[in-house]
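Listed in order, the protein sequences are those of chains V and X.
Each residue of the first sequence is one higher than the one before, starting from 266 at the first, in the numbering used here.
Each residue of the second sequence is one higher than the one before, starting from 266 at the first, in the numbering used here.
Protein chains: 2
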Amino acid sequence: MNAEIICIGTELLLGHTVDTNSAYLARELAELGINLFHKSTVGDNLNRIVSLLRQAWNRSDVLILSGGLGPTQDDLTREAVAELLGEPLEFREEAWEEILSYFRKTGRSLPESNRRQAMFPASARMLSNRLGTAPGLFVECNGKYLFAFPGVPRELIGLWEEHGRPFLKRLLSETGHPVLTSKMIRMIGIGESAMEERVMDLIQNQTNPTIAPYVGKGDVLLRITARGNSEAENHRRIDEMYHRVQERLGEYIYGTDEETLEEVIGRQLTAKGWTLATAESCTGGLIGHRLTLVPGSSAYYLGGVVSYSNRLKTDLLQVPESILQEYGAVSEETARAMAEGVRLITGADVGIGVTGIAGPDGGTEMKPVGLVYYSVALSDKTVVEHRIFPYDRSGNKEAAAQAVLTLLWKMLR
Amino acid sequence: MNAEIICIGTELLLGHTVDTNSAYLARELAELGINLFHKSTVGDNLNRIVSLLRQAWNRSDVLILSGGLGPTQDDLTREAVAELLGEPLEFREEAWEEILSYFRKTGRSLPESNRRQAMFPASARMLSNRLGTAPGLFVECNGKYLFAFPGVPRELIGLWEEHGRPFLKRLLSETGHPVLTSKMIRMIGIGESAMEERVMDLIQNQTNPTIAPYVGKGDVLLRITARGNSEAENHRRIDEMYHRVQERLGEYIYGTDEETLEEVIGRQLTAKGWTLATAESCTGGLIGHRLTLVPGSSAYYLGGVVSYSNRLKTDLLQVPESILQEYGAVSEETARAMAEGVRLITGADVGIGVTGIAGPDGGTEMKPVGLVYYSVALSDKTVVEHRIFPYDRSGNKEAAAQAVLTLLWKMLR
Chain V
266 MNAEIICIGT ELLLGHTVDT NSAYLARELA ELGINLFHKS TVGDNLNRIV
316 SLLRQAWNRS DVLILSGGLG PTQDDLTREA VAELLGEPLE FREEAWEEIL
366 SYFRKTGRSL PESNRRQAMF PASARMLSNR LGTAPGLFVE CNGKYLFAFP
416 GVPRELIGLW EEHGRPFLKR LLSETGHPVL TSKMIRMIGI GESAMEERVM
466 DLIQNQTNPT IAPYVGKGDV LLRITARGNS EAENHRRIDE MYHRVQERLG
516 EYIYGTDEET LEEVIGRQLT AKGWTLATAE SCTGGLIGHR LTLVPGSSAY
566 YLGGVVSYSN RLKTDLLQVP ESILQEYGAV SEETARAMAE GVRLITGADV
616 GIGVTGIAGP DGGTEMKPVG LVYYSVALSD KTVVEHRIFP YDRSGNKEAA
666 AQAVLTLLWK MLR
Chain X
266 MNAEIICIGT ELLLGHTVDT NSAYLARELA ELGINLFHKS TVGDNLNRIV
316 SLLRQAWNRS DVLILSGGLG PTQDDLTREA VAELLGEPLE FREEAWEEIL
366 SYFRKTGRSL PESNRRQAMF PASARMLSNR LGTAPGLFVE CNGKYLFAFP
416 GVPRELIGLW EEHGRPFLKR LLSETGHPVL TSKMIRMIGI GESAMEERVM
466 DLIQNQTNPT IAPYVGKGDV LLRITARGNS EAENHRRIDE MYHRVQERLG
516 EYIYGTDEET LEEVIGRQLT AKGWTLATAE SCTGGLIGHR LTLVPGSSAY
566 YLGGVVSYSN RLKTDLLQVP ESILQEYGAV SEETARAMAE GVRLITGADV
616 GIGVTGIAGP DGGTEMKPVG LVYYSVALSD KTVVEHRIFP YDRSGNKEAA
666 AQAVLTLLWK MLR
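So this is what it looks like as structure tokens:
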């Protein structure tokens with residue numbers, strides 16, 4: 266079964282509104298195991314809407330329309346569906362009653378233009394909308410299905426949950442469709458193409474489950490998707506594939522599904538009963554910000570120092586003046602002294618230190634923009650690494666934070 | 266001139282990624298005055314991509330493609346464009362050199378599969394990508410234009426700014442299109458509807474320039490857009506409207522166009538010759554991160570302390586133990602002591618302190634989740650304010666950072 270999403274509204278083509286409806290519907294369809302091959306956006310123009318609907322009606326089994334059901338002259342979804350079906354629009358008393366009662370409930374007066382919202386193509390069913398004035402619309406015709414929902418996300422979600430999802434779920438089970446289950450594997454410390462090479466044979470010989478690479482934000486991802494008669498059967502298939510991936514890429518896997526690196530680090534620290542403190546120079550606080558995005562992080566994260574100036578490095582972090590003079594603020598020695606210093610002054614079990622040149626200025630031939638030294642200090646050892654990142658200021662800061670958290674994650678394993 | 270945007274990638278059809286590229290490009294096209302009638306998304310399937318490209322190439326003058334330029338077997342944009350043009354793919358030595366040098370710079374090894382990224386349709390031009398490995402692609406054919414950009418937002422924006430926008434701008438002016446110029450007015454400390462009410466007559470009576478409200482991220486925006494024969498003419502129109510807006514909303518305006526609040530604060534500090542230090546609790550480093558996103562911020566931002574634990578508040582920031590015991594860590598008194606403490610220990614001219622309950626846990630009846638006290642300390646006075654934010658953990662952190670930076674901006678005026 267193939268579905269298609271069509272968003273209707275000129276505001277989407279002006280970029281005033283970021284469309285979240287279609288990503289929501291896409292996720293919902295994927296969870297139901299319905300293929301989505303096309304997603305389109307079209308402005309408030311009857312000819313263009315109808316032409317797009319004809320094409321979609323031709324190639325897909327389920328059409329989901331978002332937007333264009335409001336009361337204004339710009340709202341053309343009802344007209345377009347009527348034209349697609351070759352049917353007249355007719356006034357529905359029951360829809361009008363519902364709109365009237367919604368207005369009464371909210372104590373607002375009802376403009377005459379709202380009568381348009383009670384017009385339906387002859388064969389369409391009305392979908393009640395308890396969260397707004399625009400009823401939805403449903404058409405079944407020759408084994409094809411069309412849903413039209415209002416574009417307001419809250420109302421669209423409401424109508425989808427009440428009408429769209431249950432209908433399609435029933436339809437799928439009646440027609441003997443399989444259940445779809447998936448799991449995302451999250452990796453760090455390896456590039457996308459190097460990761461893919463190690464599992465290329467699995468990707469190419471995939472049938473069920475399928476396995477596909479994704480680019481994450483600072484991590485690389487593999488999604489395993491199984492299709493079967495039950496969730497339990499799918500989980501068995503996924504587990505088996507997960508173990509095969511783990512054999513080849515286990516050292517890079519830090520989490521699954523929606524887990525973040527900072528959450529995983531939080532669990533590692535909690536398991537060891539350790540506390541953490543940070544000494545940030547070029548990242549300016551970003552590492553602390555990420556660590557504290559995790560609910561309950563105050564149990565293991567003590568805080569730390571943003572030592573943007575050299576004076577804060579010596580005064581607060583006790584980095585020896587001589588190190589700064591001999592090796593410079595961006596050096597292996599300074600990164601080490603920062604990590605060990607913040608560990609010492611806060612009494613934390615683990616200290617982090619990061620120093621680098623985020624750019625765009627401040628680079629030299631020996632120390633170019635993007636050069637970052639980062640360090641993790643434990644009670645018995647301190648590790649320092651360095652990298653040269655090629656990004657802009659913001660990208661270099663993000664990459665530096667990700668690099669030191671990756672090192673920390675490895676050392677806590 | 267009509268443009269069309271096509272996003273390529275199965276991940277977009279699974280809803281894993283919310284597409285922000287097309288809204289960005291839509292705004293950019295609107296600013297150039299280029300019509301956008303269609304926006305589509307298609308998965309990593311060669312036939313479907315080619316069929317969509319054929320249709321778009323037929324009905325639009327400018328095609329902008331996003332995604333599908335990576336090194337994996339799933340990345341099919343190069344193949345699809347070659348098929349659209351009826352041309353073979355050829356290996357481009359100069360593209361390969363560029364990819365090689367990017368990898369060398371980042372010190373990573375280069376998998377053989379990346380050679381795919383150096384393949385181009387015969388008549389396509391390569392667009393250098395300094396922010397990633399995937400070069401872009403440009404085709405000009407019978408008065409039609411096709412741009413293909415990588416799907417990573419940072420890289421897409423980079424290539425658009427360097428190649429796409431300047432090319433189209435030149436093309437428009439050469440073909441005698443009216444020039445479009447716009448200016449964004451950025452405000453804080455006022456809500457969207459309150460702002461709109463004060464300029465409703467200007468919005469309703471607009472012709473040229475037009476004026477339209479936008480929702481920002483932590484700020485509220487008004488965009489003025491003029492259409493004329495020259496930039497100079499447009500600027501005169503815009504300036505006149507800007508002054509009318511300023512008369513009514515001047516006290517809330519902190520900047521224009523792409524200016525950020527932290528940039529404006531940086532200029533305020535530089536003008537006074539003052540330095541700044543931060544003491545962050547619930548924001549965890551986010552304020553330092555934002556301040557250090559500004560190039561050159563090391564000239565006025567000294568750094569500070571992330572005092573997530575109480576011990577760091579007393580040990581590093583010298584917040585009296587008695588204040589924490591009597592009033593608690595989330596209190597007016599603690600926020601004040603943090604701002605004054607960090608000012609003292611760093612020797613900065615200005616100190617910031619923030620303490621609050623980001624949630625989702627940790628709230629009480631007296632001190633609910635979302636309660637934040639924030640303070641700015643100058644040499645002659647310290648101001649403390651508090652707010653109760655209704656967001657999730659991440660949203661409350663962001664709102665708290667924005668609130669204290671707003672207070673700082675006001676106090677530096």
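Beta carbons: idealized from backbone N, C-alpha and C, even for Gly.
Cβ distance (whole Å) where residue i is taken to contact residue j below 8 Å
i, j, result
"GLY549/X", "LEU577/V", "Incorrect: roughly 18 Å between the Cβ atoms, too far for contact."
"ALA383/V", "LEU402/V", "With a Cβ gap of about 11 Å, ALA383/V and LEU402/V do not count as contacting."
"LEU318/X", "LEU290/X", "That belief does not hold up - the Cβ atoms of LEU318/X and LEU290/X are roughly 17 Å apart, past 8 Å."
"PRO474/V", "MET506/V", "5 Å"
"ALA360/V", "MET391/V", "5 Å"
"PRO418/V", "ASN394/V", "Not confirmed; about 13 Å, so no contact."
"LEU674/V", "VAL529/V", "It is Trp, not Leu, that sits at residue 674/V in the sequence shown. About 6 Å separates the two Cβ atoms, so the contact holds."
"TYR410/X", "VAL307/X", "Contact flag wrong, Cβ pair sits at about 20 Å."
"VAL570/X", "THR543/V", "Rounded, the Cβ-Cβ distance is 11 Å, inconsistent with contact."
"LEU687/X", "ALA295/V", "Here chain X comprises residues numbered 266 to 678, so residue 687/X is not present and cannot be evaluated."
"ALA399/X", "GLY335/X", "6 Å"
"VAL595/X", "LEU636/X", "6 Å"
Residue i - containing alpha helix (DSSP H), residue span
i, result
"HIS554/V", "551-556"
"VAL607/X", "597-611"
"GLY618/V", "Not the alpha helix (DSSP H): GLY618/V falls in the beta strand (DSSP E), residues 615-621."
"VAL529/X", "526-537"
"SER331/X", "Counting along the chain, SER331/X falls outside any alpha helix (DSSP H), though it belongs to the beta strand (DSSP E) covering 327-331."
"LEU341/V", "LEU341/V -> no alpha helix (DSSP H), and no H or E assigned at all."
Endpoints, the beta strand (DSSP E) within which residue i is located
i, result
"LEU301/X", "300-307"
"ASN470/V", "Per DSSP, ASN470/V belongs to no beta strand (DSSP E) and is neither H nor E."
"ILE270/X", "267-273"
"MET452/X", "444-452"
"GLY569/X", "566-571"
"LEU392/V", "390-392"
"THR543/V", "541-545"
Residue i at chain X interface by Cβ criterion, 8 Å
i, result
"PRO443/V", "no"
"SER393/V", "no"
"LEU375/V", "no"
"VAL607/V", "no"
"LYS304/V", "yes"
"GLY274/V", "no"
"THR543/V", "yes"
"TYR519/V", "no"
"THR285/V", "yes"
Beta-bridge partners of residue i, as assigned by DSSP
i, result
"MET384/V", "PHE356/V"
"LYS409/X", "CYS406/X"
"GLY481/V", "Per DSSP, none; premise fails for GLY481/V."
"HIS651/X", "TYR638/X"
"ARG488/X", "MET449/X, ALA477/X"
"MET506/V", "Answer is none; MET506/V lacks a bridge partner."
"ILE518/X", "MET452/X"
"PHE414/X", "SER331/X"
Residue i beta carbon near the ligand ZN (any heavy atom closer than 7 Å)
i, result
"ARG492/V", "You won't find the ligand ZN in this model; it holds no ligand whatsoever."
Minimum Cβ-Cβ distance from residue i to chain V less than 8 Å
i, result
"SER626/X", "Note that residue 626/X is Asp in the sequence shown here, rather than Ser. So, interface residue."
"THR557/X", "yes"
"VAL571/X", "yes"
"THR579/X", "no"
"LYS370/X", "yes"
"ILE552/X", "yes"
Assess contact between the segment 624-631 of chain V and the segment 572-592 of chain V, defined as three or more Cβ pairs (one per stretch) separated by less than 8 Å. Is contact present? Counting Cβ pairs under 8 Å, fewer than three are found: no touch.
Examine the Cβ distances between the segment 319-326 of chain X and the segment 431-449 of chain V and report whether three or more of them are shorter than 8 Å. Cβ pair count under 8 Å is below three, so no.
Any 3 or more C-beta pairs closer than 8 Å across the segment 339-346 of chain V and the segment 340-357 of chain X: Flag = no, the segment 339-346 of chain V and the segment 340-357 of chain X do not touch.
Answer yes if the segment 662-674 of chain V comes into contact with the segment 273-291 of chain X, meaning at least three C-beta pairs across the two stretches below 8 Å, and no otherwise. The segment 273-291 of chain X makes no contact with the segment 662-674 of chain V; the number of CB pairs closer than 8 Å stays below 3.
Does the segment 418-428 of chain X come close enough to the segment 446-460 of chain X to have 3 or more Cβ pairs within less than 8 Å? Touching, no.
Sufficient close CB pairs (3 or more, under 8 Å) joining the segment 596-616 of chain V to the segment 596-610 of chain X: For the pair of segments examined, the segment 596-616 of chain V was found not to touch the segment 596-610 of chain X: the number of CB pairs separated by less than 8 Å stays below three.
Meets three-Cβ-pair contact criterion under 8 Å: the segment 520-540 of chain X and the segment 560-574 of chain X: Contact holds: three or more Cβ-Cβ distances are below 8 Å.
Three CB pairs or more closer than 8 Å across the segment 647-664 of chain V and the segment 279-286 of chain X: Contact fails: fewer than three Cβ-Cβ distances are below 8 Å.
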